[in-house]
Amino acid sequence: MTVPIGSGTALLESAEEELAHAKQDEASRRHVGRKTGWGGAFAAPHGAGLAIFTLLPIAVSLVISLFNWPLLGTPSFLGLDNYTKILTDPIFGQVVLNTVLFVVLYVPLNLVVSLGLAAWLTPRIKGRHIFRVIFFIPAITPVVANVVVWRLLYQQGGLIDGIMQTTTGVAAPNFLGDENWAMIAIVVMSVWQGFGYNMLIFSAALDAVPENLTEAAQIDGANAWTIFWKIKLAMISPSIFFATMMTLITSFQVFAQPFILTKGGPGSSTSTIVLYIYNQGFQFHQLGLASAAAWVLFVIILGVTAVQFLGQKKWVHYDG
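Under my numbering, think of the first position of the sequence shown as 201, with each following residue one higher.
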């Protein structure tokens with residue numbers, strides 16, 4: 201069979217093109233492989249730290265929660281007895297209620313204060329950057345130092361008591377020794393300590409709202425409150441969702457404030473779940489019970505976070 205000269209040339213050119221493409225693909229794969237290798241090398245320290253200091257302790261705590269594990273002595277396997285003991289312990293029920301009460305009071309108050317200050321710190325406010333720094337200082341100050349200062353303010357004969365007796369002649373309530381005031385005192389102190397982060401988030405989100413939207417609303421006759429409520433809040437709803445979620449998670453883990461201010465008292469009125477975990481682990485040396493309580497707290501936070509994610513579709517707008 202005779203092959204035309206033109207057809208042979210075309211086949212040869214096609215083969216050369218395929219060979220060139222194959223070389224380019226091989227070079228591209230080698231380039232990607234080198235980038236992946238460098239990426240893995242840079243991520244390796246972080247991955248090792250995550251595995252050693254986060255994942256391993258989590259796994260170990262799960263194992264410990266199944267044992268009667270004294271701080272000193274020989275552990276013995278109990279199965280789920282630690283969880284049964286905790287869930288039927290009236291003291292643990294009380295600390296769960298105290299923690300929920302703290303969350304219910306603290307989270308809305310924190311969000312309202314931080315959002316209100318962020319809305320006030322518009323570009324029209326002179327020195328808004330200075331105000332931002334001032335409001336953020338408590339958030340970066342060590343919480344222990346803040347709690348000690350507030351303890352001096354709250355105690356009988358402290359600054360608040362002195363001001364009230366001077367101005368009104370009436371002594372201030374025993375904020376840290378009265379069951380009706382102790383949790384409120386902790387919430388107020390915690391809001392002062394923690395609103396700075398959310399204020400910065402909301403302030404940045406409000407600055408990013410397009411001006412043409414508010415200008416269009418003003419032309420249509422909307423007042424300042426309508427613009428804020430129906431436009432700006434909708435535009436910053438992803439930031440509000442993020443702040444709400446993070447504030448909820450951290451508020452369930454409150455520890456330093458009740459530990460230093462009241463030691464969980466008076467009675468057990470301000471004892472929280474993390475304080476219960478600390479007491480079980482390092483006061484009573486029951487690491488198994490402490491680990492089981494930590495996993496119960498983890499399940500509570502996981503459930504609350506899941507509910508937040510399920511409900512976000514009804515009020516969070518990502519369309520911009």
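Backbone N, C-alpha and C define an ideal beta-carbon position, used for all residues, glycine too.
Taking the CA atoms as reference points, Ser-276 sits about 18 Å from Ile-286.
Thr-470 places its beta carbon less than 8 Å from that of Met-383. Per DSSP, the continuous alpha helix (DSSP H) segment holding Val-344 begins and ends at 343-354. Straight across, the Cα-Cα distance linking Leu-475 with Ser-451 is about 13 Å. Thr-322 counts as exposed, since fewer than 16 other beta carbons sit within 10 angstroms of its beta carbon. The residue among Leu-489, Lys-513, Pro-466 with its C-alpha nearest the C-alpha of Asn-298 is Pro-466. Looking at Gly-357, Ala-404, Arg-351, the one whose alpha-carbon comes closest to that of Gln-457 is Arg-351. Taking every protein chain shown into account, the CB of Trp-515 has fewer than 16 other CB atoms within 10 angstroms, so this residue is exposed. Nearest in C-alpha terms to Met-446, of all of Phe-267, Trp-495, Val-303, is Val-303. According to DSSP, Pro-270 shares a beta bridge with Gln-486. A Cβ-Cβ distance of about 19 Å is found for the pair Leu-262 and His-485, leaving them out of contact under the 8 Å criterion.
By the 16-neighbour rule on beta-carbons within 10 angstroms, Gly-511 is exposed. Along the region 369-418, the beta strand (DSSP E) does not occur as any fully enclosed run of 3 or more residues. Rounded to whole angstroms, the gap between the alpha carbons of Phe-335 and Phe-442 is 20 Å.
Taking the Cα of Val-388 as reference, the smallest distance to any Cα among Val-504, Ala-494, Val-313, Leu-219 is reached at Val-313. Taking a 10 Å sphere around the C-beta of Asn-282, we find 16 or more other C-beta atoms and assign the residue as buried. Contact fails between the region 424-431 and the region 354-371, because fewer than three Cβ pairs, one in each stretch, are under 8 Å apart. Taking the Cα positions, Ala-220 is about 15 Å away from Ala-210. The continuous stretches of alpha helix (DSSP H) do not include Gln-453, and DSSP gives it neither H nor E.
Of all alpha-carbon atoms in Glu-379, Ser-265, Ile-258, Asn-423, the one lying nearest the alpha-carbon of Lys-463 is that of Glu-379. As the crow flies, the alpha-carbon of Gln-355 is around 7 Å from that of Leu-376.
CA-to-CA, the gap between Ser-491 and Val-391 works out to about 29 Å.
In this structure, the alpha-carbon of Leu-413 lies about 51 Å from that of Ser-468. For Ser-491, the secondary structure class from DSSP, reduced to helix, strand or coil, is helix.
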